[in-house]
Amino acid sequence: MSTPLKTRIAVPRSSDRSVDGVKYNRSGSKRNNFEMYAWLYMRISGVLLIVLIFGHLFVNLMVGDGVHAIDFGFVGGKWANPFWQVWDLLMLWLAMLHGTNGVRVIIEDYAEKDRTRFWLKTLLFLAAGFILLVGTLVIFTFSPCPTVDNPDLLPSFCPAQ
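Numbering (our numbering), first residue to last: 1217 to 1377.
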(Lines of atoms letter the chains of each structure in order from A and count residues from 1; the text may use other names and numbers.)
(Lines give C-alpha, C1' and ligand atoms only; values in the text may rest on other atoms or scores of the structure.)
Protein backbone atom coordinates (compact mmCIF):
# COMPACT_ATOMS: atom_id res chain seq x y z
CA MET A 1 0.00 0.00 0.00
CA SER A 2 1.40 3.38 -0.99
CA THR A 3 1.23 6.51 1.15
CA PRO A 4 -0.57 9.49 -0.33
CA LEU A 5 1.47 12.52 -1.35
CA LYS A 6 1.15 15.53 0.92
CA THR A 7 0.74 18.75 -1.00
CA ARG A 8 1.09 22.10 0.67
CA ILE A 9 -1.10 24.78 -0.88
CA ALA A 10 -0.40 28.43 -0.09
CA VAL A 11 -3.23 30.58 1.14
CA PRO A 12 -4.60 32.59 -1.82
CA ARG A 13 -3.61 36.26 -1.93
CA SER A 14 -1.52 35.81 1.19
CA SER A 15 1.26 38.31 1.68
CA ASP A 16 3.03 35.91 4.04
CA ARG A 17 5.43 33.33 2.73
CA SER A 18 7.01 30.79 4.99
CA VAL A 19 10.31 29.08 4.27
CA ASP A 20 11.59 26.63 6.86
CA GLY A 21 9.44 28.23 9.55
CA VAL A 22 10.69 31.80 8.92
CA LYS A 23 8.01 34.21 7.76
CA TYR A 24 8.77 36.56 4.88
CA ASN A 25 6.64 39.28 3.34
CA ARG A 26 6.24 40.00 -0.39
CA SER A 27 9.51 41.86 -0.62
CA GLY A 28 11.40 38.91 0.87
CA SER A 29 12.51 40.58 4.10
CA LYS A 30 11.84 39.16 7.54
CA ARG A 31 8.61 40.28 9.11
CA ASN A 32 8.79 43.07 11.69
CA ASN A 33 6.25 44.25 14.25
CA PHE A 34 4.83 47.10 12.13
CA GLU A 35 1.65 45.19 11.27
CA MET A 36 1.04 44.35 14.92
CA TYR A 37 1.41 48.02 15.91
CA ALA A 38 -0.83 49.09 12.99
CA TRP A 39 -3.47 46.59 14.13
CA LEU A 40 -3.21 47.85 17.71
CA TYR A 41 -3.45 51.47 16.53
CA MET A 42 -6.66 50.68 14.65
CA ARG A 43 -8.30 49.33 17.81
CA ILE A 44 -7.16 52.13 20.12
CA SER A 45 -7.86 54.93 17.65
CA GLY A 46 -11.26 53.43 16.90
CA VAL A 47 -12.28 53.62 20.56
CA LEU A 48 -10.92 57.16 20.93
CA LEU A 49 -12.68 58.23 17.72
CA ILE A 50 -16.01 56.97 19.06
CA VAL A 51 -15.61 59.21 22.12
CA LEU A 52 -14.40 62.20 20.09
CA ILE A 53 -17.06 61.92 17.40
CA PHE A 54 -20.00 61.42 19.75
CA GLY A 55 -18.74 64.31 21.90
CA HIS A 56 -18.49 66.44 18.76
CA LEU A 57 -21.99 65.48 17.65
CA PHE A 58 -23.47 66.05 21.11
CA VAL A 59 -22.01 69.55 21.45
CA ASN A 60 -22.90 70.55 17.89
CA LEU A 61 -26.37 69.04 17.65
CA MET A 62 -27.81 68.75 21.16
CA VAL A 63 -26.43 71.62 23.24
CA GLY A 64 -27.97 75.08 22.83
CA ASP A 65 -30.11 75.60 19.73
CA GLY A 66 -28.87 72.40 18.12
CA VAL A 67 -28.21 72.18 14.41
CA HIS A 68 -29.87 75.56 13.79
CA ALA A 69 -27.05 77.33 15.67
CA ILE A 70 -24.25 75.97 13.47
CA ASP A 71 -22.85 78.74 11.31
CA PHE A 72 -19.59 80.61 10.79
CA GLY A 73 -19.87 82.31 14.16
CA PHE A 74 -20.49 79.01 15.97
CA VAL A 75 -17.37 77.41 14.47
CA GLY A 76 -15.36 80.59 15.04
CA GLY A 77 -16.46 80.68 18.67
CA LYS A 78 -15.53 77.06 19.20
CA TRP A 79 -12.11 77.46 17.60
CA ALA A 80 -11.41 80.55 19.72
CA ASN A 81 -11.10 78.06 22.59
CA PRO A 82 -7.86 75.98 22.66
CA PHE A 83 -9.78 73.00 24.11
CA TRP A 84 -11.91 72.69 20.96
CA GLN A 85 -8.91 73.26 18.72
CA VAL A 86 -7.14 70.30 20.33
CA TRP A 87 -10.37 68.23 20.28
CA ASP A 88 -10.86 68.80 16.55
CA LEU A 89 -7.16 68.32 15.85
CA LEU A 90 -7.19 64.93 17.62
CA MET A 91 -10.31 63.96 15.71
CA LEU A 92 -8.71 64.98 12.39
CA TRP A 93 -5.39 63.20 12.99
CA LEU A 94 -6.86 60.01 14.46
CA ALA A 95 -9.52 59.71 11.75
CA MET A 96 -7.11 60.47 8.91
CA LEU A 97 -4.45 58.04 10.10
CA HIS A 98 -7.09 55.41 10.91
CA GLY A 99 -8.57 55.67 7.43
CA THR A 100 -5.17 55.80 5.75
CA ASN A 101 -4.07 52.65 7.54
CA GLY A 102 -7.28 50.89 6.51
CA VAL A 103 -6.82 51.82 2.86
CA ARG A 104 -3.14 50.77 3.08
CA VAL A 105 -4.26 47.31 4.21
CA ILE A 106 -6.73 47.11 1.32
CA ILE A 107 -3.98 48.08 -1.12
CA GLU A 108 -1.69 45.41 0.36
CA ASP A 109 -4.44 42.79 0.02
CA TYR A 110 -5.70 43.55 -3.47
CA ALA A 111 -2.90 45.16 -5.50
CA GLU A 112 -1.00 42.25 -6.98
CA LYS A 113 1.93 44.02 -8.66
CA ASP A 114 4.65 45.60 -6.55
CA ARG A 115 4.78 48.67 -8.78
CA THR A 116 1.01 49.20 -8.54
CA ARG A 117 1.13 48.76 -4.78
CA PHE A 118 4.00 51.25 -4.51
CA TRP A 119 2.24 53.98 -6.52
CA LEU A 120 -1.13 53.50 -4.82
CA LYS A 121 0.46 53.76 -1.38
CA THR A 122 2.55 56.75 -2.47
CA LEU A 123 -0.59 58.58 -3.63
CA LEU A 124 -2.40 57.57 -0.45
CA PHE A 125 0.37 58.86 1.84
CA LEU A 126 0.77 62.10 -0.11
CA ALA A 127 -2.98 62.77 0.03
CA ALA A 128 -3.15 61.95 3.74
CA GLY A 129 -0.15 64.17 4.49
CA PHE A 130 -1.65 67.03 2.50
CA ILE A 131 -5.00 66.76 4.28
CA LEU A 132 -3.33 66.58 7.70
CA LEU A 133 -1.17 69.60 6.90
CA VAL A 134 -4.00 71.75 5.55
CA GLY A 135 -6.43 70.65 8.28
CA THR A 136 -3.93 71.44 11.03
CA LEU A 137 -3.18 74.84 9.50
CA VAL A 138 -6.89 75.66 9.24
CA ILE A 139 -7.56 74.71 12.86
CA PHE A 140 -4.69 76.77 14.27
CA THR A 141 -4.62 79.75 11.88
CA PHE A 142 -8.38 80.24 11.49
CA SER A 143 -9.31 83.80 12.39
CA PRO A 144 -13.03 84.40 12.77
CA CYS A 145 -12.44 88.07 13.55
CA PRO A 146 -11.93 89.94 10.28
CA THR A 147 -10.77 93.53 10.12
CA VAL A 148 -13.86 95.66 9.54
CA ASP A 149 -14.66 99.35 9.72
CA ASN A 150 -17.85 98.82 11.74
CA PRO A 151 -17.20 96.93 15.02
CA ASP A 152 -20.92 96.15 15.31
CA LEU A 153 -20.50 93.63 12.49
CA LEU A 154 -18.03 91.53 14.53
CA PRO A 155 -19.22 88.36 16.30
CA SER A 156 -19.62 88.60 20.07
CA PHE A 157 -16.42 86.63 20.76
CA CYS A 158 -14.23 89.06 18.78
CA PRO A 159 -12.59 91.96 20.64
CA ALA A 160 -13.43 95.41 19.29
CA GLN A 161 -10.61 96.70 17.12
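Even glycine gets a Cβ: it sits at the ideal position worked out from N, Cα and C.
Below 8 Å, can you find three or more Cβ-Cβ pairs linking the region 1303 to 1317 to the region 1249 to 1265?
yes
Name the two residues that bound the continuous alpha helix (DSSP H) containing Ala1311.
1298 to 1326
Would you check if the distance between the CB atom of Thr1316 and the CB atom of Leu1336 is smaller than 8 Å?
no
Using the Cα positions of Asp1281 and Phe1274, report the straight-line distance between them to the nearest angstrom.
12 Å
Figure out for me which residue from Ile1269, Ile1260, Gly1293, Met1312 has the closest Cα to the Cα of Thr1352.
Met1312
Could you pull out every residue in the same chain whose Cβ sits closer than 8 Å to the Cβ of Met1183, ignoring the five residues on either side in sequence?
Since the first residue of the chain shown is 1217 and the last is 1377, residue 1183 is not available in this structure.
For a test of the three-state rule: what should DSSP assign to Leu1370, helix, strand or coil?
coil
Classify Met1278 as helix, strand or coil using the three-state DSSP reduction.
coil
Pair within 8 Å by beta-carbon distance, Phe1288 and Pro1360:
yes
Anyone know if the C-beta pair for Ala1327 and Arg1333 falls short of 8 Å?
yes
Cα separation between Ala1343 and Leu1349?
10 Å
Who are the near neighbours of Trp1255 in its chain, counting only those whose CB is closer than 6 Å to its CB and skipping five residues on each side?
none
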